[in-house]
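S.K.: In our numbering, the protein residues as written are 434 to 605. This is the structure I have questions about; it appears just below.
Next up, the structure:
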């Protein structure tokens, strides 16, 4: 599977996380945030696009996972988030990378074991799973969680595809 890029999109802060996947072993490679605070939206979208394009060019990930948007009460914020997500996806797609999408609930389920996990629980598990001892920015931790979710989902799909048979009967 090799290098997986996880993206937590945001119009002001876009988190990214890179992990190396070798069989069942996940290894931390890099993470950080692209900060676009201030300025007009088009300039912020360009900064997201350029930042992720450079990251993809430098690290050459083979797979990408991105978090889907959560529509809250503020429609204007959801639209800006959607545009930031589009800029992030376009940066990956220009390098011919397939982008897989995951809901926040799916990411939390894959990393913590419950879709209702709190941010602190996700951050703790990301650090534990990847052997990180230092502090992680919230958005970078979320991006690493997306990468972990993608890696686990792909392993499950590969295992299912290779299954010879499937039975619902109970084993004794």
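For each residue, glycine too, the CB sits at the ideal point set by N, CA and C.
Could you please give the first and the last residue of the uninterrupted alpha helix (DSSP H) stretch that includes residue 481?
M.R.: Residue 481 -> alpha helix (DSSP H) spans 474-492.
S.K.: Out of curiosity, what's the CA-to-CA distance linking residue 455 and residue 568?
M.R.: If you take the alpha carbons of residue 455 and residue 568, they lie about 25 Å apart.
S.K.: Taking the alpha-carbon positions, what's the residue 515 to residue 502 distance?
M.R.: Distance between the alpha carbons of residue 515 and residue 502 is about 7 Å.
S.K.: At 4 residues or longer, and completely inside the stretch 489-558: list those alpha helix (DSSP H) runs for me, N to C.
M.R.: If we require 4 residues or more, the alpha helix (DSSP H) runs fully inside the stretch 489-558 come out as 508-526 and 537-544.
S.K.: Run through the DSSP bridge pairs and tell me what residue 444 is partnered with.
M.R.: Bridge partners of residue 444: none, in fact.
S.K.: Spatial neighbours of residue 448 within its chain, please: C-beta separation below 6 Å, excluding the five flanking residues on both sides.
M.R.: For residue 448, where only same-chain residues beyond five positions count, the Cβ hits under 6 Å are 441, 466, 572, 573, 575 and 576.
S.K.: Taking the Cβ atom as the reference point for each residue, do residue 459 and residue 562 lie within a distance shorter than 8 Å?
M.R.: Closer than 8 Å, so yes.
S.K.: What is the C-beta distance between residue 511 and residue 505, in whole angstroms, given that I count them as a contact (C-beta under 8 Å)?
M.R.: Residue 511 to residue 505, Cβ: 7 Å. Contact.
S.K.: Return the first residue and the last residue of the beta strand (DSSP E) that residue 569 is part of.
M.R.: Residue 569 -> no beta strand (DSSP E), and no H or E assigned at all.
S.K.: Between the Cα of residue 500 and the Cα atoms of 588, 584 and 580, which residue gives the shortest distance?
M.R.: Cα-wise, what sits closest to residue 500 is 580.
S.K.: What does a CB cutoff of less than 7 Å around residue 564 pick up in its chain, not counting 5 residues either side in sequence?
M.R.: 461, listed in sequence order.
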